[in-house]
Every structure is written in C-alpha cells, then in structure tokens.
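A short write-up of the structure that comes next.
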Amino acid sequence: MRLARVLALIAVYFAAGKLGLSLAFLDASASAVWPPTGIAIAALLLFGRDLWPGVALGAFLVNISTSGAVAASLGIALGNTLEALAAVALVNAFAGGVRAFERATDVLRFAMVAGLAAPAISATVGVASLVLTGLTLPSNASAVWLTWWLGDAAGAVVVAPALILLWTDRRQLTSAQAIETSLLFGADVLVALVIFGGWSTISDYNYPLAFVSIPLVLWSAFRLGQRVTSVAMLVVSGIAVWGTLRGYGPYGKYSPNESLLLVQTFTGVVAVTTAAMATVVDERRRLLAQLERRVSERTAQLHVMNTDLRSEIAERERAQAALQASEARLLEAQAVAHVGSWEWDIATNSIWWSEELYKIYGVSRDTFPASYEAYIERVHPDDRQKMHGVVVAALADGHPYTTEHRVIRPDGTERILAARGRVVTDESGRPTRMLGVGQDVTELRHADDQRHQLHEEQVARRQAEAANRLKDEFLAMISHELRTPLNAVLGWAQMLSAGSLDGPAAAKALKVIERNAQAQARLIDDLLDVSRFAAGQVALDMRPVDIGGIVKTALDAIEPVAGSRGIRAELSGSFSDALTQGDPERLSQVFGNLLANALKFTPEGGLIRVAVETLGSEVVVRVSDSGRGINPADLKRIFEPFWQADSSSTRTHGGLGLGLAIVRYLVEAHGGQVRAESDGTGKGASFVVTLPRQGRSDFPMDPTPWRGSEARSALDRADNG
Ligand code: ADP
C-alpha cells in the first residue's frame, strides 16, 4: 500500500513538477508556479510522513530530467523533501493537522507555517544548491529565491487545501448544491477567462480588474463550503496563471516571471482569505447544525418526557378514581353500619370526622369546630368525665380502648355510641395522633333493653303463675289437713248421737273424738304460732331449764308409738350440766317437733337417737334417725314455713310444713341455732340444736321440771301424720 502510494506520489509530483518547471522563466529550476509543494504537503498530511521518499524521488526526477545536473537536483530534492516534512510537522503542531480547515485560526496558522515558513526552507536549500553547483549566479540568488519561495507558497496555500478537503470531506452535494456549484464553476471560469484569459478586450487594456473575481469566490465561501471554494480557487488560479502567461489580464503586461509572481501573490492571498472566511461560515453552519441537533434531541427528550408525564397523569387519574370509588364504598358501608371514623392530631388539636360521624352527632361539617373540646362538649354530661378519663388513660398507657357513651345532639335527642380508639406514637413513643371509630348503637341498645324487659316480665309471670299454683296446692293441703281430724270427730259424734254405740265403744269414740280435736287444735296452734312469729308477738317465759329432763320426757312421750312400730329410741350423754335459760314449754315444743318428725319419717324397725352434750358454754342436742333422709339441696329450705320435701296431694305423710319453722324460730329466740344434716335420701337425718349453756350455780332455784302435756301434744302431730 505504502509503496503504491509512494509510486503514485512520485508520478503525480513528477507530472506537476514538469508543468511547474515549464513555467520557469527566471531560472530553469525555479518556477513561480510550483503545485508539487501543495501535493507533497497534502499527501504527507493525509497518508503519513513516511511517504517522504515519494517527494524526494519525484523532486529529483523532475529536476534531473529537466537540467541533467545530478548534484543540484539532489540538493533541490533535499530542499523540497525538508520543506514537505517541516510543513507537515508544523501544521500538526500548530494548525490542527489534517483538520486545519475546520477552524479559521487554524487556516491562518496553516497559511503561516505551510505557506510562509516551510517554502523558505525549500527556496533556501534549492537556491543554495543552484548557486553551489554554479547553475545560478550569486547575484541572481535573491530574485530566484523570491520566485522559488512564492511559487512554493502559492502551491501550498492553493493546491494543498483543495486536495486535503477533496479527500477528507466526502459529503454528497444535494442536487440544489450540485446545480449551484455548476453555476458557480461556470461563472468562475467565465469571469476568469474574461479577466485573465483574454476572452474580452477588457484584458487588453490592462485594467487592474483581478478583484472582480473576489465576489464569486466569496459566493462559494458563503454558500457552498470550503471544499467547493478551494477547488474553485484552484480553477481560477489555474486560468489566471495560464492567461497571465499568455500576456492577458491585469498582470499580463509584465515580464513572464514578474506577472506570474503577481498573479500568484494575488491568488495566494485571495485563497487564504476566502479559505478562512469559508471556514468561519462552515464553522457557523456546523454550530447551527449542532444546535439544531441538540434542539431536536432535546425536543425528542421533551416529547418522551411528555408522553411519560401524560401516562403518569393518566395512571394517577386512574388511581384517584379507584380511591374515590373505594372511599365512596367505605362511606356507604359506614352509613349502613352507622359507623363513623375519626382521627385526632394531638399537636394541632384538629379532629377529622368521616361523614357518618357528623350524622350520628347531628352536626354539620361547616359549622362544627373540629376540636377535642367541641367533641367532649357533645358527650352526655353524665358520661363526659368517664370518657375524658378513658382518653387520658389511653394517652398515658398507649392501650386501645372500647367503651360506650351517650351523645346529646343539638336538637336535644340522645344517641348511644360504642366507641373504640387507639393511640399512634412517633419513634420516641410520644403520642402524636389518636384514631378510632364510633358506632351508633342506640337502636341496638333499645332493642336489648326491650328484650331484657320482656324477659323480666316473662320471669315475673312465670313466678306469679308458680306462686298461684303453690297457693292452690297450699290451700288444698291445709284444707285436707284440717279436714282429716274433723272427719273423724264428725263420724264418731254422729254414731254417738244415733245411740248405736254401747258403753265401751262409746268410751273409745269419745277418746278418738278428743284426740282428733286436740290434733286439730294443735294444727291451728301451729298456724297461729307461725303468724305470731311473723308478727313478732311471741313472749317467752324465761327461767332456768334442765334440757336433759325436757329431752328425756319428750323421748318418753314417743316411746309407746315407736315401740308399736318396732322403732328403737335411745338417749345418751350427760344431762346434769345441760342447763339453759329458757321457756320450758317452748323448748319442749322444739324437741317434741324434732322427735315427731323423726318418728314420722323413720320406717318400721328403725332407730331414733338423742344425744345431749355440753360443749363449753353451749348445750348441744342432736336428734338423729335412720329414716328417709333429706336431699342435701333441701337442707337449707326445710326450715322455711310450709316447706315440705313432698308437697303433692298424694304424699304419704301429713303435716303443714310448719314444725321446723317453729323449731328454728324458737331456738333462735333462745339465742341458739339449729341445723339439719343428712348424707342424702334414704340415709337418715340429724338435727343439731345448740343453746347457750348456764352453770348450775347461776340458778337460784331448781330448774323447771317437764310438764307432760307438751310432749303429748307434739306426739299428736306425729300421730296424725
Ligand atoms: P311437716 O313435718 O309437717 O311436713 P316440718 O316443718 O316438720 O313439716 O318438716 C318439713 C319437711 O322436712 C317435712 O315435710 C320433711 O319433708 C322434712 N323433714 C323433717 N324432718 C325430717 C326427718 N327427720 N327425716 C326426713 N325428712 C324430714
């Protein structure tokens, strides 16, 4: 590749050099037209400095083939090679290298280093070679040097830019540019031919009209860019040189060398100036294009951002709509459930209420001040303190609360609110907000109340019905109990009055009548006793009493009946110290009743035991039997008046259910206590009577002895059962 380029460079250099030397008038080897300099600089800038052998050989061949002087040709070739290498080094160092035509300052620097400085090397070395080899007289040296220098300079500034730009700038012309370029070249050629080429008689008059070509060159500079401008400049320069050599144009009238120097100076200066100008224009155009590109990039970016923004807005709108829908659903649900929600910002003391809460409180969002004070003001005065306490406690301990309070609406109506709330704290645990819900439970509570009331009414009705039933049963039972002895009395009395009974039978009849009358009297006494106890009208005839004696007499009284039914009756314990202060008749009634019950509820062959003990300050009498026993659940109730384990009309035992009630009343009236014990039905029963004990020395006289009538009447009750 390199070799091919070197060879091509040699060929082109040689051809251009031949053309240049053909115009050498002052000295065979020094031409005012030297395009090879431009070719060499362009080649080395574009393809690298190592193409220098092409320059050296081209230059040598041109000179040797023209003058035949080997030494001079070698010197000139050296000068030309150094010139090209120096130009390239300087342009690379100071003028931006191959991109020297992109900035106006670089164009001017290119002109300085490649157009002014480098040719001085070639001119100096070349002229020195000519003088040293005797081909040029020293006296001529300065004139030859100037020609040489100017020729190379013109070659550098006119030819190199055109070649470099043609190679580096490969842009296609638009068709409009192509047409304009053709027109420009046509005009250029025409004007150049008219001014410099002898096409018009104007050139005969030798007017200094070279400047006429300037507007055309500027035209290309402003409109068609550096590349077209530099090529146009090359064309104009070529025509100008050609015409001038033929004696035409403003410079044609001088000696050939002089006129070439002038025309080269002219074209060189114009070339540099317009190149700079074209560069400025191009620069501006590039900047504009850059600006436009940036604007369009920015516009595209904006467009993308706009699209993003629009879709973001759409997304937001969708989210907003979804939020609104869910809010609407929440409000609806709250309205259905009569639930409202709230939030209290503690720092600002502002309260937010949902729509439903305003409805529950019967206030309007517009007029109701949303503050804690305004809220607590609406709470029922009786509940206010409690509610405030609940809130304060929640703030203090951070626990959620659930409570109920009443609310007074502005119209005076009252609502019941089920309130729940909880505290929200910041990172340091300080309460910042409270939030919660309130549910209007007025109707619920009213319904509860009604249900409760209904229930109570039902219970009361059932109780009344049961009481009624009991009363009926009670009346039936009393009637039956009173009727039984009366029937016996009536029956036997009728038989007596009919005179159908003989002596012994009549005597038995009278006995039965008496016993039944006594039994009935006893029943009535019991009834009267109980009503007297209820009225608190019983007076006790208190005196020292020997409990042992009383118990023994009572036991003796039941002995005959017990014996007839095969029931054993036992007495145990110490009697001598069993003394108390009491009404002996009433105490006889107590033990008579207990023993009567024992006899009544103990089947044949059973056992009745009475134990008397003194325990410290107490006398304890235990009456036990092996009878039917008592259901433990009934142990407490059996002392109630009219209470019977079996109160049905088909019961096996008679009685009014008053015996134990009388026992308890009397024992308690004596400052004692009575209790029942039983291991259950069929396991017998025990009744334990405790009475305050008194020492024998406390008694001024003998304790009251037992009067048999009390035991007898108690036995009557048992008998009738
Ligand atoms: P009554 O003997 O006239 O029914 P009481 O007041 O003396 O009335 O007794 C009430 C009830 O207590 C009796 O009906 C009976 O059910 C129960 N009761 C009393 N004493 C005994 C006993 N020793 N054994 C079993 N049950 C008894």
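Residue numbers (this note's numbering): 164 to 884.
In this text, a Cβ means the ideal position worked out from N, Cα and C, and glycines have one as well.
If contacts are defined as beta-carbon pairs under 8 angstroms, then residue 524 and residue 572 qualify, I think. What distance do you get, rounded to the angstrom? 7 angstroms
Tell me the residue span of the alpha helix (DSSP H) that contains residue 329. 323-331
Taking 8 angstroms as the threshold, find out whether the region 317-326 comes into contact with the region 370-386 through three or more Cβ pairs. Counting Cβ pairs under 8 angstroms, fewer than three are found: no touch.
Residue interval of the beta strand (DSSP E) (run including residue 467): Counting along the chain, no beta strand (DSSP E) covers residue 467; the unbroken alpha helix (DSSP H) around it starts and ends at 419-500.
State the DSSP-derived secondary structure class of residue 534, mapped to helix, strand or coil. coil
CA-CA distance, residue 357 and residue 363? 5 angstroms
Is it true that the region 825-835 meets the region 642-656, where meeting means three or more beta-carbon pairs spaced less than 8 angstroms apart? no
Verify the CB distance criterion: does residue 234 have a CB-CB separation below 9 angstroms to chain D? Among the chains in the structure shown there is no chain D, since it carries only a single protein chain.
Determine the extent of the alpha helix (DSSP H) in which residue 239 is found, giving its start and end residues. 233-257
Anticipated Cβ contact below 8 angstroms, residue 820 with residue 807, distance rounded: Contact between residue 820 and residue 807 is confirmed by a C-beta separation of about 4 angstroms, below the 8 angstroms threshold.
DSSP beta-bridge partners for residue 601? DSSP links residue 601 through a beta bridge to 503, 582.
From residue 831 to residue 842, what distance separates their C-alpha atoms? Distance between the alpha carbons of residue 831 and residue 842 is about 25 angstroms.
Looking at ligand 1, does it come within less than 8 angstroms of residue 791, judged from the CB to the closest heavy atom? yes
Do residue 568 and ligand 1 come close, with the Cβ less than 8 angstroms from some heavy atom? Not under cutoff, so the answer is no.
If we call anything under 9 angstroms between Cβ atoms a contact, is residue 441 one with residue 393? yes
Starting from the N-terminal side, write out each stretch of the alpha helix (DSSP H) that is 4 residues or longer and does not extend beyond the region 660-724. 666-698
Find out if the Cβ-Cβ distance for the pair residue 782, residue 774 is shorter than 9 angstroms. Taking 9 angstroms as the Cβ cut-off, residue 782 and residue 774 do not qualify as a contacting pair.
Alpha-carbon to alpha-carbon, residue 262 and residue 360: 34 angstroms
Taking the alpha-carbon of residue 252 as reference, which of 203, 737, 226 has the nearest alpha-carbon? 203
Excluding the 5 residues preceding and the 5 following residue 292 in the sequence, name in chain order all residues of the same chain whose CB lies nearer than 6 angstroms to its CB. 235, 238, 239
Using the Cα positions of residue 448 and residue 329, report the straight-line distance between them to the nearest angstrom. Using only the alpha carbons, I get a separation of about 19 angstroms.
Residue 765 versus 318, 310, 166, 725, residue with shortest Cα-Cα distance: Residue 765 has its Cα closest to that of 725, out of 318, 310, 166, 725.
Spatial neighbours of residue 798 within its chain, please: CB distance less than 6 angstroms, with the 5 preceding and 5 following residues excluded, ordered by chain position. 839
Going by CA-CA distance only, name the one from 697, 751, 306, 320 that's closest to residue 719. 751
Rounded C-alpha distance that separates residue 345 from residue 301: 49 angstroms
Please state the DSSP three-state secondary structure of residue 177. helix
Can you list, in chain order, the residues of its chain with a C-beta nearer than 8 angstroms to that of residue 435? Leave out the 5 residues immediately preceding and following it. 270, 271, 274, 278, 320
Where DSSP assigns a beta bridge to residue 542, which residues make up the other side? In the DSSP output, where bridge partners are listed per residue, residue 542 has 570.
Between residue 807 and ligand 1, is the CB less than 8 angstroms from at least one heavy atom? With a threshold of 8 angstroms, the Cβ atom of residue 807 counts as near ligand 1, since some heavy atom of the ligand is closer than that.
At a cut-off of 8 angstroms, would you count residue 769 as near ligand 1, judging by its Cβ distance to the nearest heavy atom? No, Cβ of residue 769 sits at least 8 angstroms from all heavy atoms of ligand 1.
Kindly list the residues whose CB is nearer than 7 angstroms to the CB of residue 351, restricted to its own chain and excluding five residues on each side of it in sequence; keep chain order. 379, 395, 398, 399
Any heavy atom of ligand 1 closer than 8 angstroms to the CB of residue 718? No, the Cβ of residue 718 stays beyond 8 angstroms of every heavy atom of ligand 1.
Contact defined as beta carbons within less than 8 angstroms: I believe residue 427 pairs with residue 195. What is the distance between those atoms, to the nearest angstrom? Sure, about 6 angstroms apart at Cβ, within 8 angstroms.
Report yes if the CB atom of residue 829 is closer than 9 angstroms to the CB atom of residue 710, and no otherwise. no
Could you tell me the alpha carbon to alpha carbon distance between residue 250 and residue 229, rounded to whole angstroms? 26 angstroms
Reference residue 715, options 772, 678, 762, 310, closest by Cα: 772
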